[in-house]
Every structure is written in structure tokens, then in C-alpha cells.
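Peer 1: Numbers 4 to 654, taken from our numbering, label the letters of the sequence shown in order. The C-beta atom is built at its ideal place from N, Cα and C for all residues, glycine as well. This structure is a prediction, so every number in the text was calculated from the model and none was measured. Quick one: the structure is below, and I'll ask about it shortly.
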Amino acid sequence: MQPPGTEGPRGRAAEPRRSGSAADEPAPGGVLRRAAPANRPGARAGDESAPAACRRGALRAGHSHPGADPGAAQGHTRRAQTGASSDHARSDPGLGDRRPRDRAAPRKDRRTGTRVQGHELAPARIHQRAARRAGALAPGKSPATGPPHVHSGAVKRRELLKGAGAGLTLAIPAVRAATLLESRWDFIIVGAGTAGLPAAIHASRRGASVLMLEAADTLGGTLNMAMGQVSAGGTRLQDDQGIVDSPDRHFEDIMEITFGEADPEIVRRTVDLAPDTLNWLLDQGLVPLPGHPVTGAAPGRAGYSVPRYFWAEEAGRAILKVVLEELDREMPQGNIAIRTSTRVTGLLTSDSGAVEGVRAESGNEEWTFRGRHILLTNGGYAMNPDMFELLTGHPAYAAGSWPHSLGDGLDLAVSVGGWLRGQHLHRAGTGSILTGPKFPAKVYARFATVPQQRLPWEIWVNDAGQRFIREDEPLVRPRARAVLALPRLRYVIVFDENIFNSAPPGLPQFSREEFLAHCENHPMFARADSLDELAAAADVDADGLAQTVRDYNDAVASGADPLGREHLPEPIARPPFYAITHLGSSATSSTGVAVNDAHQVVRGNQETVPGLYAAGEVLGSGATLGSTFAPGMLLTPALSVGRWLGMTLPI
Ligand SMILES: Cc1cc2nc3c(=O)[nH]c(=O)nc-3n(C[C@H](O)[C@H](O)[C@H](O)COP(=O)(O)OP(=O)(O)OC[C@H]3O[C@@H](n4cnc5c(N)ncnc54)[C@H](O)[C@@H]3O)c2cc1C
4 MQPPGTEGPR
14 GRAAEPRRSG
24 SAADEPAPGG
34 VLRRAAPANR
44 PGARAGDESA
54 PAACRRGALR
64 AGHSHPGADP
74 GAAQGHTRRA
84 QTGASSDHAR
94 SDPGLGDRRP
104 RDRAAPRKDR
114 RTGTRVQGHE
124 LAPARIHQRA
134 ARRAGALAPG
144 KSPATGPPHV
154 HSGAVKRREL
164 LKGAGAGLTL
174 AIPAVRAATL
184 LESRWDFIIV
194 GAGTAGLPAA
204 IHASRRGASV
214 LMLEAADTLG
224 GTLNMAMGQV
234 SAGGTRLQDD
244 QGIVDSPDRH
254 FEDIMEITFG
264 EADPEIVRRT
274 VDLAPDTLNW
284 LLDQGLVPLP
294 GHPVTGAAPG
304 RAGYSVPRYF
314 WAEEAGRAIL
324 KVVLEELDRE
334 MPQGNIAIRT
344 STRVTGLLTS
354 DSGAVEGVRA
364 ESGNEEWTFR
374 GRHILLTNGG
384 YAMNPDMFEL
394 LTGHPAYAAG
404 SWPHSLGDGL
414 DLAVSVGGWL
424 RGQHLHRAGT
434 GSILTGPKFP
444 AKVYARFATV
454 PQQRLPWEIW
464 VNDAGQRFIR
474 EDEPLVRPRA
484 RAVLALPRLR
494 YVIVFDENIF
504 NSAPPGLPQF
514 SREEFLAHCE
524 NHPMFARADS
534 LDELAAAADV
544 DADGLAQTVR
554 DYNDAVASGA
564 DPLGREHLPE
574 PIARPPFYAI
584 THLGSSATSS
594 TGVAVNDAHQ
604 VVRGNQETVP
614 GLYAAGEVLG
624 SGATLGSTFA
634 PGMLLTPALS
644 VGRWLGMTLP
654 I
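The structure is reproduced here in C-alpha cells:
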């Protein structure tokens with residue numbers, strides 16, 4: 004199994020076959036593209052006039068393709084938070100070069116990387132010191148000058164799970180350090196999360212040298228908080244239960260569930276790899292919940308045609324546990340080095356535009372590392388409200404994702420001419436009650452809005468005070484699309500005292516007293532003696548709300564609702580009145596980096612960016628979910644494609 008258009012291990016990469024996945028995207032207007040940098044392959048007419056800052060690449064609203072970016076159309080000027088930028092190669096080749104940020108690099112011995120003046124700490128010494136901390140090297144032995152030292156023990160689990168200090172390098176490849184000083188890493192993996200960890204493990208198994216750089220002080224990324232739901236057609240788990248399934252069937256289901264919006268090439272790659280990936284996890288000890296796999300069907304939402312979806316008691320952490328155990332077993336080979344608390348901020352490129360290294364920051368130090376394959380596995384942008392709004396056109400209300408999901412991978416890809424797609428596939432769910440009206444709010448509670456579970460007694464109104472959907476709409480997709488079409492993704496559930504007293508509670512977790520206390524204290528709840536006052540408290544148009552309530556009460560009286568609602572139990576008439584504000588939000592990122600079918604990052608003109616690959620949520624959730632929800636189709640592709648890149652990229 005290897006990427007089409009590449010040779011096997013140690014073979015020279017041939018020109019990869021171009022994927023339709025990027026080429027088939029709608030032209031600008033539906034996607035955000037970046038012009039290819041001038042003076043590099045792929046530069047197009049007009050690039051010369053692009054501002055230098057634009058060519059350097061950070062994702063900035065003002066520099067995006069005109070007409071393609073709602074943020075730009077709205078006149079945003081904020082810079083994406085990462086500050087990532089591209090940079091031509093200019094430092095010495097080596098394992099890794101470090102210098103204090105914003106200071107000129109001191110001169111170094113080209114052969115050994117040893118400091119000859121200034122404050123630079125020689126890579127050999129850094130690694131020797133860090134190796135000692137990781138228990139890999141005896142004191143006094145330099146990997147560059149002393150006798151070879153075999154890294155014997157596995158890294159302690161607590162060290163894997165949490166770096167002991169800023170910029171700690173875990174499990175230094177002591178044996179290889181001397182030779183690597185004068186060469187480059189086979190793989191530099193940016194982000195030790197869902198996709199990055201399997202990539203490192205499987206690259207190391209082939210003997211590749213792997214440097215994994217992780218911004219957080221802990222490993223695992225979003226796996227630390229995910230539900231851990233994965234899916235594959237043809238797993239050992241299914242076989243054991245006599246469930247007949249295949250990748251083909253999985254593929255057909257996903258394309259149907261996503262209404263054909265998912266990228267067929269990325270889905271195809273994922274479903275083909277998925278059974279092997281999940282069997283690997285099962286073989287390593289992942290224990291699915293009793294009764295699994297399931298179809299993933301929910302009221303108003305289609306699932307898979309056969310049970311192929313499962314998760315474990317400890318959710319994403321159960322997957323992380325078995326992956327870290329695999330990493331633990333691999334570390335003694337001495338092929339993998341991991342630096343935590345190290346954020347990659349830029350890519351090093353050759354004059355021809357190939358990516359051949361990264362620049363990273365750790366504390367107040369800046370490092371450069373060189374490698375043959377640079378893998379962007381550093382997740383999405385759901386925790387970067389500026390980038391979120393720039394790419395989706397909607398505010399990011401909820402902070403429900405991994406704190407380092409800041410969109411650095413998108414910024415890095417764009418900095419070397421990569422382009423982004425999936426902007427039109429944003430999804431915001433059906434709305435929930437948040438802790439407050441602004442980022443970084445958390446999901447606080449969910450009102451029972453699924454009609455199969457509780458028929459609605461309330462009305463839902465938008466900012467204009469108008470109803471926008473029949474509240475008993477049985478299908479999830481029309482409900483979600485109606486929320487997505489709302490200004491500010493915001494609606495308010497309105498009801499009166501009679502409904503409060505007689506309807507089944509929409510928030511059964513709260514007692515009557517607790518609910519009333521929320522109306523006094525919580526920013527998303529309101530109670531008022533008149534509809535006018537309620538409208539003011541809930542920030543909706545008062546005249547609009549008054550007219551809507553009149554119309555709705557007429558519909559209740561006549562039994563015929565203009566929006567087609569069938570459940571019309573009571574008018575909204577008796578004060579006090581109640582309002583609960585709902586906001587649409589997302590914990591994942593729909594837009595992502597365009598790649599070809601070998602997962603190489605591609606430029607706007609479809610040329611590949613040599614040396615640069617991407618996997619996981621950095622590709623955008625739209626690639627595998629479209630604008631809807633396909634069970635397990637973010638974790639499964641991240642794990643599978645990360646693993647596959649580690650197994651197949653030439654070394
Ligand atoms: C609450 C929640 C529940 C979910 N549940 C499911 C589920 O059940 N099933 C499913 O399919 N999907 C689920 N998802 C989505 C899924 O978890 C993610 O899409 C997936 O884990 C992303 O994997 P990744 O490797 O791309 O990113 P991550 O796992 O987040 O890894 C990226 C890593 O890169 C690091 N990083 C970021 N920037 C840099 C940088 N500049 N330099 C170095 N390191 C960097 C991060 O710290 C992180 O460790 C869920 C998401 C959330 C938020």
C-alpha cells in the first residue's frame with residue numbers, strides 16, 4: 004500500500020498523480036484560495052503585485068482571494084493568531100538549530116553543529132541533556148563524541164503523557180543523534196495528536212527517523228476529549244458477530260449520508276484503510292462497549308446501513324491509551340524524538356519551493372529542523388475565533404475543542420501556496436444553550452428540540468422575532484440548515500406560563516425553582532411580564548415577536564400553521580413569558596487544506612508543494628462529513644491516513 008505516484012520505501016518520489024479532489028472544487032467564490040507565491044513554481048500572472056506580506060503567507064482576511072472569503076467581504080483586518088510564515092532555508096543543516104527568538108543566530112561549526120560563539124547551545128548538548136532527563140543517556144556521554152549508547156528503556160508513561168517541562172525532548176534517539184546531526188529527519192511530524200502519533204509509530208517501524216513536534220505539553224491532541232467514535236467496513240469486531248460489510252459499502256453509505264458533499268477521494272482512501280486501522284486498535288486492546296458496533300442512526304438522522312460504528316467506555320482516551328502503548332513499544336528503537344511545548348510557526352522552503360524543514364518556537368527560543376517529509380497533522384481551527392469567523396463567516400461562540408486547535412496547519416500550508424477548501428460546508432448543529440453569548444463559551448445545556456423525543460410546545464424565533472421553521476420538523480438536516488441560515492446563528496425559544504406549567508419540561512435536569520433562578524442569573528435565560536419586555540431581555544425585535552405570537556395563536560385556534568407545524572397544543576398568551584437563547588456552534592473545522600490523493604498539499608494551480616503532506620482535521624471536516632455528520636468520520640480518517648503516511652512515504 005503506497006501513495007499512487009510514489010515508489011516504495013527508499014524509492015525516489017515520482018510525480019504524483021493529480022487528484023480530482025482539489026481540481027473538482029468549485030472555483031473561487033465557494034472556496035478560499037491563495038495565490039501561489041511569486042518567483043516559485045506555480046506563480047501565476049498577477050502574483051507579482053501581491054503584497055510581500057501576502058506572499059509570506061499568513062492567513063489574513065485582507066489578502067485572501069477576492070470574492071472567496073466572507074471575512075474579507077466583511078472587511079476584517081485581523082491576522083490569524085498563529086503568525087506562521089514561510090521562510091527560505093538559511094540556517095545550517097542539522098538535527099535542529101536553536102537560537103533565542105529575535106536574535107541573530109550565532110556562528111556554528113557546520114559539521115558538528117557546535118556553538119562557536121554567542122548563546123547557541125549545540126544540538127549535541129541539548130540532546131545529550133534532554134536524553135539524560137528522559138533516562139536515555141548516561142551522564143558524561145556525548146552522543147556526538149562518546150561511544151555509542153544504546154537507548155535501552157521505554158519512556159516512562161507519565162513522561163509520554165505530560166512533558167516534565169517546557170520544550171522537553173522525550174526519548175532522544177541517542178544512537179542516531181550523531182549521524183542525524185549531519186543529515187535531516189525522514190519525517191517531521193507537526194502535531195502529536197490523532198493523526199500524528201500513528202504516523203510516527205509506523206514510520207519508525209520502517210526504520211525512518213522521526214521528529215514529532217507538539218505545541219501542547221501533553222500528547223494526544225483532540226483524542227484527549229473526543230467521544231472516540233470510529234467506523235470501518237470489514238473489521239474483526241463485525242466478523243465475530245457475523246456482520247457482513249465492506250469498504251465499498253462504507254463508502255456508499257458515507258456518500259449517501261453526506262448527500263454527496265464529502266470528498267470521494269478522501270473518503271475512498273479512508274474506508275479502504277479503516278478496517279486495518281481499527282483491527283490494529285482492537286488487536287492492541289481497545290475494548291468496544293457491549294452491543295457495539297451500531298449503525299449510528301438517531302431520530303431524524305440516517306445512520307449506516309449495517310452496524311459498523313463503535314467506541315469504548317473511556318471514549319477518545321481509550322484510543323489514546325492503546326496508541327501510546329504502541330508508541331511506548333516503539334520508542335526503544337531510538338528512531339523517534341518528541342518535543343512537547345514546541346509550536347511550529349513556519350516552513351523552510353528551498354529556492355524551488357520545496358518544503359524542507361520547519362521553524363518552531365519553544366518558550367523564548369526559536370528552532371529550525373530539517374526533514375524530507377513534513378506532515379501537517381496539527382488539527383483544525385475551532386479554538387481560533389478570528390480564523391473561525393474569517394473562514395465560516397460566523398462567530399465562533401463555543402470553545403469546545405482542543406486548546407491548540409488554532410488553525411496553524413492551515414496557516415502553514417497557505418504560507419507556501421497551499422489553498423483551502425470546504426468553506427461552504429460549515430455546520431453549526433441545531434443550536435444549544437451556551438454559558439454565554441461569546442467565545443469562549445461552553446455548551447451549558449440542551450433543550451429537548453428533537454420532536455421524536457418531545458413534541459414542541461414553544462415557538463422558536465430569530466432576531467427579527469419571526470419563526471423560521473416548523474418546530475416539529477422531524478429531520479435533523481432541515482433543522483440544522485435553518486439554524487445555519489439565521490443571522491448570528493441565533494434563535495430564541497419562547498413560551499408562556501401555561502406552557503411552563505403544563506408541558507413536559509424541555510430542560511428536565513432543572514427543577515422548577517432552578518429554572519426560575521436561571522431566568523434571574525443566566526445570560527441565556529429571560530422571564531418578563533410582557534412580550535415587549537421579553538423581547539428586550541432576549542434581544543429580539545419587539546414588534547416582530549408580538550406579530551409572530553398573534554399569528555401563532557391564530558394557527559393554534561384554526562389548527563392550520565403556515566409553516567406546516569402539526570403539534571399546536573396551546574397559545575402563547577399568559578404572562579409571565581419565557582425566553583431561552585440558543586446559538587449554533589461547532590467544535591470542529593469545516594474548511595481545510597487541499598491535498599491530492601497522495602495527501603500532498605497542493606497549490607491553487609494544482610501543483611504539489613514538494614515535501615509537504617497533511618492528514619486529520621487540518622483537511623477540514625467537510626472532506627469526510629460534508630456539511631452534515633457521518634459517524635466516526637473524523638477520528639477514523641485521521642488515524643488511518645496518519646498511519647498510512649507513516650507506512651508508505653519513501654525513506
Ligand atoms: C469534543 C469532541 C468530540 C469528538 N468526538 C469525535 C468522535 O467521537 N468521532 C470522530 O470521528 N471525531 C470526533 N471528533 C473530531 C476528532 O476528534 C478530530 O477531528 C480529530 O481528533 C482530529 O485529529 P488531528 O490529528 O487532526 O488533530 P489533533 O488530534 O487535535 O492533533 C493535533 C495536534 O497538533 C498540535 N498542534 C497544533 N498546532 C501545532 C503547532 N503549530 N505545532 C505543533 N503542534 C501543534 C495539537 O496540540 C495537537 O496535539 C471530536 C471532536 C471534539 C472536539
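Could you tell me whether any non-hydrogen atom of ligand 1 is closer than 7 Å to the CB of D411?
Peer 2: It does: the Cβ of D411 is within 7 Å (strictly closer) of some heavy atom of ligand 1.
Peer 1: Using only the heavy atoms of ligand 1, determine whether one of them is closer than 7 Å to the beta carbon of N381.
Peer 2: True, at least one ligand heavy atom lies under 7 Å from that Cβ.
Peer 1: Between H521 and ligand 1, is the CB less than 7 Å from at least one heavy atom?
Peer 2: It does not: the Cβ of H521 is nowhere closer than 7 Å to a heavy atom of ligand 1.
Peer 1: Out of A451, L350 and A560, point me to the one whose CA is closest to L571's CA.
Peer 2: When each option's Cα is compared against that of L571, the closest is A560.
Peer 1: Are the CB atoms of R493 and D466 nearer to each other than 8 Å?
Peer 2: In contact: R493 and D466 (Cβ atoms closer than 8 Å).
Peer 1: Are the beta-carbon atoms belonging to H376 and Y616 less than 8 Å from one another?
Peer 2: Closer than 8 Å, so yes.
Peer 1: Closer than 8 Å is the cut-off here; do at least three beta carbon pairs connect the region 444–454 with the region 543–557?
Peer 2: No: fewer than three Cβ pairs fall under 8 Å.
Peer 1: Roughly how many angstroms lie between the CA atoms of N338 and S212, to the nearest whole one?
Peer 2: Looking at the two C-alpha atoms, the distance is approximately 5 Å.
Peer 1: Let me confirm a value: A139 is counted as buried when at least 16 other C-beta atoms fall within 10 Å, else exposed. Which label applies?
Peer 2: Its pLDDT being 28, under 50, A139 is placed unreliably by the model, and the measurement read from it follows with that caveat. When all chains shown are included, A139 counts as buried.
Peer 1: Excluding the five sequence neighbours on either side, which residues of its own chain have a C-beta within less than 7 Å of the C-beta of L648, listed in chain order?
Peer 2: Closer than 7 Å at Cβ, skipping near neighbours: A202, L378, H602, Y616 and A618.
Peer 1: Among S589, G288, R311 and A229, which one has its Cα closest to the Cα of F254?
Peer 2: Answer by Cα proximity: R311.
Peer 1: Can you tell me whether DSSP reads Y447 as helix, strand or coil?
Peer 2: The answer is strand: DSSP assigns Y447 an E or B state.
Peer 1: Across which residues does DSSP place E364 in a beta bridge pair?
Peer 2: Note: E364 sits in a beta bridge opposite R346 and E369.
Peer 1: Just how far apart, CA to CA, sit H122 and E369?
Peer 2: Model confidence at H122 stands at a pLDDT of 22, short of 50, so the residue's coordinates are unreliable; what they give is reported in the following sentence. Rounded to whole angstroms, H122 to E369 spans 12 Å at the Cα level.
Peer 1: Identify the continuous alpha helix (DSSP H) that holds W405 and give its terminal residues.
Peer 2: Where W405 is concerned, there is no enclosing alpha helix (DSSP H), given that its DSSP letter is neither H nor E.
Peer 1: The beta strand (DSSP E) that contains D535, what's its start and end?
Peer 2: Not the beta strand (DSSP E): D535 falls in the alpha helix (DSSP H), residues L534 to A541.
Peer 1: Please check the pair T666 and V479, which I expect to be a contact at CB under 8 Å, by giving their CB distance rounded to whole angstroms.
Peer 2: Because the chain is modelled from 4 through 654, residue 666 falls outside the range shown and cannot be assessed.
Peer 1: Bridge partners for G424 per DSSP, in chain order?
Peer 2: This sequence places Arg at residue 424; Gly is not what is there. Answer by DSSP bridge pairing, in chain order: G595.
Peer 1: Using 10 angstroms around the beta-carbon of M230, count the other beta-carbons present and answer buried if the total reaches 16, otherwise exposed.
Peer 2: Answer is exposed; the Cβ neighbour count stays below 16.
Peer 1: Are the region 617–633 and the region 262–282 touching, with three or more C-beta to C-beta distances below 8 Å?
Peer 2: Yes: the two stretches touch, three or more of their Cβ pairs being nearer than 8 Å.
Peer 1: Could you check if D532 is buried or exposed, using at least 16 other CB atoms within 10 Å of its CB as the buried criterion?
Peer 2: Exposed, since its Cβ has fewer than 16 Cβ neighbours within 10 Å.
Peer 1: Are E573 and I496 touching if we call contact CB-CB under 8 Å?
Peer 2: Not in contact: E573 and I496 (Cβ atoms no closer than 8 Å).
Peer 1: How would you write the range of the beta strand (DSSP E) that V309 sits in, first residue to last?
Peer 2: Looking at the DSSP string, V309 is not in any beta strand (DSSP E), and its letter there is neither H nor E.
Peer 1: What did DSSP end up calling V453 once you bin it into helix, strand or coil?
Peer 2: In this structure, V453 counts as coil in the three-state DSSP scheme.
Peer 1: Quick one: using the 10 Å Cβ neighbour count with 16 as the cut-off for buried, is F262 buried or exposed?
Peer 2: Result: exposed.
Peer 1: Go to L2, then tell me how far its beta strand (DSSP E) extends in each direction, as first and last residue.
Peer 2: Absent from the model: residue 2. The displayed extent of the chain is 4 to 654, so no value can be given.
Peer 1: Using a 10 Å radius around the Cβ and a threshold of 16 neighbouring Cβ atoms, would you call A301 buried or exposed?
Peer 2: Flag for A301 reads exposed.
Peer 1: Tell me whether H663, by its Cβ, gets closer than 7 Å to a heavy atom of ligand 1.
Peer 2: The chain is shown only over 4 to 654; residue 663 falls outside these bounds and no answer can be derived.
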